[in-house]
Structure formats: C-alpha cells, structure tokens
Amino acid sequence: MKKNIIVIILGFFSYFTYSQDITDALRFSQDNLVGTARFSAMSGAFGALGGDFSSINVNPAGSAIFLNNQVALTLSTYNVKNKSNYFGNNDLENSTTADINQFGAVIVLKNTDKQSDWSKFSFLLNYENANNFDNIIFSSGTNTTNSIGEYFKYYANRNNGVSLLNLQTQPGESITDLYDYLGTRYGFGVQQAFLGYQAYIIDPAANYTESNRSYVSLVPTGGNYYQENYIKSNGYNGKLSFNASGQYKDKFYFGLNINSRFIDYTQKTVFYEDNSNNLVSGIQRLQFNNELTTYGNGISFQLGAIAKLNKQVRVGLAYESPTWYEISDRLSQGISSVSATATGELPTVRVNPMVINVYEPYNLSTPGKLTGSLAYIYKKSGLLSIDYSIKDYGTISFSPNDDFRDLNSEINNKLGLATELRIGGEFRIKALSLRAGYRTEKSPYINQTTIGNLTGYSSGLGYNFGGTKLDFTYSHSQRNYQKQFFNVGMTDFSNINSVMNNFTISMTFEL
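For the sequence shown, my numbering gives the first residue as 194, with consecutive numbering after it.
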C-alpha cells in the first residue's frame with residue numbers, strides 16, 4: 194500500500210519553538226583539517242609558506258608563491274571511531290567513507306613591465322570539503338534516574354500546558370491531520386506533546402483543568418531504564434574559494450579570498466527505552482525516531498599578507514571573516530510504544546504522522562578567525578612552519594536576534610576564545626619529500642569539558658616527477674566530548690571519545 198507523505202511549511206514562530214542549540218552552532222562553525230596531501234601532512238601549517246592550493250584557506254596571499262600554472266585533485270578516506278560511555282557501559286562504532294575533497298586550478302601571470310614593483314599576479318579557484326559530516330554514534334546503558342517520558346512531559350507542561358482538546362483527534366480527523374495542524378498553528382513543542390500523548394507516554398494529571406493544564410509521565414517510576422541512542426549523520430560543508438593575489442618587490446605577498454559555503458546535512462536518530470524489568474503497569478518499551486535535514490548557503494572573505502624577512506624567514510598574517518549563512522531545516526518524526534496492565538502487555542501503538550515539517554529559513558553568523566604565521570626555509574633541503582590562530586566562538590549568533598535571544602545569550606555565556614597551534618616540517622631528498630605535523634585546538638567551551646581539546650598528528654611523503662607531483666598523507670586526531678540525547682526533559686549525556694584517521698592522496702599537474 195502506498196503511503197503519502199505530507200510536507201508542511203511552518204512559519205517562523207513554529208521554527209523557533211523547534212529551536213536550534215549550541216551543538217548546531219558549532220557544527221557549522223568548525224572546519225576539519227582537510228585539503229591537499231601536502232597541506233594535511235604538515236597539519237595545515239602553511240600561513241607563511243603558501244604555494245599550495247589549500248594554503249589559501251589559512252592565508253590567501255599564499256597563491257602568490259606559485260611559480261607557474263597548476264591544477265590539483267585530492268581524494269581522502271575518512272575513518273571515525275566513536276567510543277561511548279553511558280552510565281558505565283561502553284560501545285564502539287566505526288564508520289569509513291571516501292570522497293574527492295579538493296580540486297582547484299591556479300593561473301600565474303608574470304608582469305612584463307620591468308619598471309613595475311609588482312612582479313606577478315595569481316588567480317586561483319579551489320573547492321574543498323571543509324567538513325565531512327559522515328559519522329555514527331551509538332550509546333547504550335541503564336539510566337538510573339531519568340526516562341524519555343520527561344521529554345514529552347516538559348513540552349506538554351510548558352507555558353501552563355497545552356489544551357487536551359489540541360492533543361486528540363476529532364471524528365473524521367487523522368493523526369496526520371492533527372499533527373499537521375498543531376505544527377502549523379502552535380509549532381514544534383505542541384507536536385512533541387501530541388506524540389507523547391498519542392503514544393500513551395503522558396496523560397493529563399488528576400487535577401487537570403483548562404485553567405490548570407498539567408500532565409504526568411506514564412513511564413513507571415523507580416529508574417533502571419535501559420536506553421539506546423543511535424545517531425547517524427551524513428553530508429558535508431563545502432567551500433568554493435575565488436582567490437586573487439600579487440607579489441610586490443619580491444618581498445611582500447598580498448591576497449584576497451571570496452568564499453562561497455554550502456551545507457548539506459542529514460541526521461537520523463533512533464532512541465529506544467526498555468522499562469519491562471519494572472513489572473508494573475505503564476509504558477514498557479518505546480522507540481522515538483527523528484530525521485533532520487539541513488541545507489544552507491553562506492559567504493565569507495579572507496585577507497592575508499606574507500613578508501620575506503630574509504632568504505630563510507617568512508612571516509604571515511591573515512584574517513577570516515565570519516561566514517554569514519542562510520539555513521533551512523526539515524524534520525520528520527515517528528514513535529512507537531508498548532504498554533502493560535496488570536493482565537499483561539497491550540498491542541504496540543505506532544504514531545507515524547507521515548509529515549515533513551519544513552521550517553522557515555534563519556541566519557547563522559560563525560566566528561571570525563585571526564592567524565599569525567612564521568616559517569623558516571633552509572635552502573632547498575627543508576622547512577619548518579608554525580601557525581597560531583584565535584577564534585572567539587562566543588560571537589556565534591542566530592538571527593533574527595529577537596527570536597533567538599535566549600540561545601544567543603547561552604552561546605555567549607558558554608562559549609569563548611579558542612586557540613589553535615599548528616606545526617609542520619618538510620625534508621627533501623632530491624625529488625622525495627618527507628613531511629610531518631602536529632596540531633592542537635582548544636575547546637570552544639569555557640568549561641573545557643562539554644567538548645575537550647583536540648590533538649592531532651600527521652605524516653606523509655611526496656615525489657616530484659617533474660611536471661607532476663604525487664603526495665600521500667596519513668593524519669590522526671582525537672577529541673573527547675559529551676553527547677546529550679535531548680535538550681530538555683531527559684538531558685543525560687554519554688561521554689564520547691572520538692578518533693579520526695584519514696588517508697589522503699593528491700595529484701598536482703603543472704601546465
């Protein structure tokens with residue numbers, strides 16, 4: 194039997210009650226260490242070096258270092274291992290994907306005017322997969338205090354509760370019709386209360402009246418709720434850069450990037466809770482499914498300069514503006530539950546509205562970034578490079594501000610200044626290059642625990658065949674963080690140790 198899916202467009206009030214959180218803000222404000230194999234092998238420490246397609250992500254003046262026209266293509270594999278600890282129980286998930294994560298071309302125009310102080314100009318077009326969202330997290334354990342019932346009860350009791358008349362279908366009205374109506378008229382929060390009520394997870398309290406709307410959870414009290422939370426995400430944050438740069442008096446390099454950003458993100462979550470060991474009437478088991486899809490487009494710019502202090506030493510300074518995004522979300526939900534009475538279990542109740550909520554677009558401004566760089570180049574044998582970046586995550590903001598005032602205030606109070614240190618080196622033996630790098634990035638959270646510090650290492654090699662270069666890289670990074678299952682009601686979290694291992698190969702051709 195074919196099932197029809199209804200798509201409803203929700204106004205901004207409905208969107209706001211769906212509410213983004215700090216996790217969403219950070220997801221689109223952080224970039225992973227990606228790019229060409231040479232760039233990745235040296236942990237991205239290219240702010241004063243240039244001469245690499247991915248170097249313009251740090252300092253746009255880097256394209257002025259190129260000596261001739263080139264094109265490059267990079268392929269990467271992404272492997273993420275997430276070890277979860279939830280109430281003492283450990284789980285491990287492993288996911289691997291492969292993708293073309295960089296391609297670009299640069300044109301170098303040498304100035305034939307001998308009287309000019311500008312020796313050459315470079316124009317570069319480069320695309321990179323700035324962040325790969327492919328990931329799987331699984332957490333399971335026995336929660337000794339909180340049930341998912343608290344999530345639905347929170348939304349039912351919010352703002353003096355919702356009317357029982359809005360939570361039950363009328364003659365001739367389907368669940369789809371009512372879920373559609375509630376979303377359009379009242380927004381996300383009432384839809385959650387509706388799902389909980391229809392699945393018999395919440396019920397009006399004994400003292401419920403229209404002037405005192407209160408609800409209680411039908412999940413038996415006492416704790417020991419076995420819970421599973423499965424999260425699978427897919428997608429990318431792409432970055433297309435239009436770059437122009439110039440070399441002045443053979444000592445100074447200046448550059449500008451105009452960046453177009455793209456978001457394509459899908460997250461599927463399945464939450465399961467089993468309370469059957471309590472052997473009392475009420476909810477015994479339930480499963481709550483959500484699928485969120487996010488699309489967005491943004492724009493930013495970068496300015497940078499590199500100066501040669503002498504033949505061996507270069508310094509660089511670069512600024513990256515915030516990225517100004519317009520983002521839209523789509524959400525679909527479904528829930529099933531099994532209840533029991535003194536005589537045994539009742540049939541499974543399934544609430545599947547078959548509705549896709551389409552929320553009105555909103556704006557997100559990510560933090561800007563300032564990077565200082567130093568590089569030492571020893572003849573043609575090797576080099577050492579250091580980058581130091583500063584980024585204030587407390588400046589992230591959603592808009593319209595009046596509608597996101599509470600969230601923006603929370604971001605400002607919980608997030609702060611984060612620094613990043615990248616160190617890279619290269620040693621050349623004729624046509625063979627050996628490379629290594631190290632990086633550390635501080636937590637964006639003031640408390641340093643919700644998300645911990647990131648540490649990464651990398652190594653690689655490259656071979657110059659003349660007009661063609663082939664480069665390989667292995668990079669490793671790890672970070673600990675807390676993954677909260679729900680924003681309200683049941684706010685317990687699992688502790689995640691996330692380890693990423695990437696392999697990258699790049700081909701560069703001189704034209």
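We put the beta carbon where it would ideally sit given N, CA and C, even for glycine.
Predicted model only: the values in this text are computed from it and were never measured.
Query	Result
Coil, strand or helix - residue 341 by DSSP	coil
Endpoints, alpha helix (DSSP H) assigned at residue 230	230-234
Euclidean distance between Cα positions of residue 299 and residue 435	10 Å
Residue 381 to residue 213 span [Cα, whole Å]	12 Å
Reference residue 695, options 702, 404, 651 and 589, closest by Cα	651
Same chain, Cβ closer than 8 Å to residue 304, neighbours up to 5 away in sequence not counted	311, 312, 313 and 314
CA-to-CA distance, residue 247 to residue 239, given in whole angstroms	8 Å
Three-state secondary structure (DSSP) of residue 208	Its pLDDT being 39, under 50, residue 208 is placed unreliably in this model, and the value from its coordinates should be taken loosely. In this structure, residue 208 counts as helix in the three-state DSSP scheme.
Those residues which DSSP pairs with residue 568 across a bridge	507 and 578
Within the stretch 339-406, ranges of the beta strand (DSSP E) (whole runs, at least 3 residues)	395-397
Endpoints, alpha helix (DSSP H) assigned at residue 640	Note, residue 640: premise wrong, no alpha helix (DSSP H); not H, not E.
Spatial neighbours of residue 691 in its chain, beta-carbon cut-off 6 Å, leaving aside the 5 residues before and after	275 and 672
Which listed residue (417, 431, 482 and 512) has its alpha carbon closest to that of residue 295	431
Residue 331 versus residue 540: straight-line alpha-carbon distance, rounded	28 Å
In DSSP terms, what residue 265 is bridged to	297 and 701
Residue 703 vs residue 262 beta-carbon contact at 8 Å	yes
The alpha helix (DSSP H) enclosing residue 605, as first and last residue numbers	598-607
Simplified DSSP state of residue 679, which is helix, strand or coil	coil
The alpha helix (DSSP H) enclosing residue 217, as first and last residue numbers	215-220
Residues near residue 683 in its chain [Cβ-Cβ closer than 7 Å; skip 5 each side]	339, 340, 341, 343 and 344
Three or more C-beta pairs below 8 Å linking the stretch 578-590 and the stretch 526-541	no
Secondary structure of residue 687, DSSP reduced to three states	strand
Classification of residue 658 by the beta-carbon crowding that lies within 10 angstroms, buried from 16 upward	exposed
Opening and closing residue of the beta strand (DSSP E) in which residue 553 lies	Residue 553 -> no beta strand (DSSP E), and no H or E assigned at all.
Cβ-based neighbour list, residue 617, same chain, cut-off 6 Å, excluding 5 preceding and 5 following	235, 236, 238, 578 and 630
Buried or exposed by the 16-neighbour rule on C-beta atoms within 10 Å, applied to residue 613	buried
Residue 141 and residue 408 closer than 8 Å at C-beta	A question about residue 141 goes unanswered here, because the residues of the chain that appear run from 194 up to 704.
Cβ contact check for the stretch 445-457 and the stretch 364-378: 3 or more pairs under 8 Å	no
First through last residue of the beta strand (DSSP E) which encompasses residue 654	647-657
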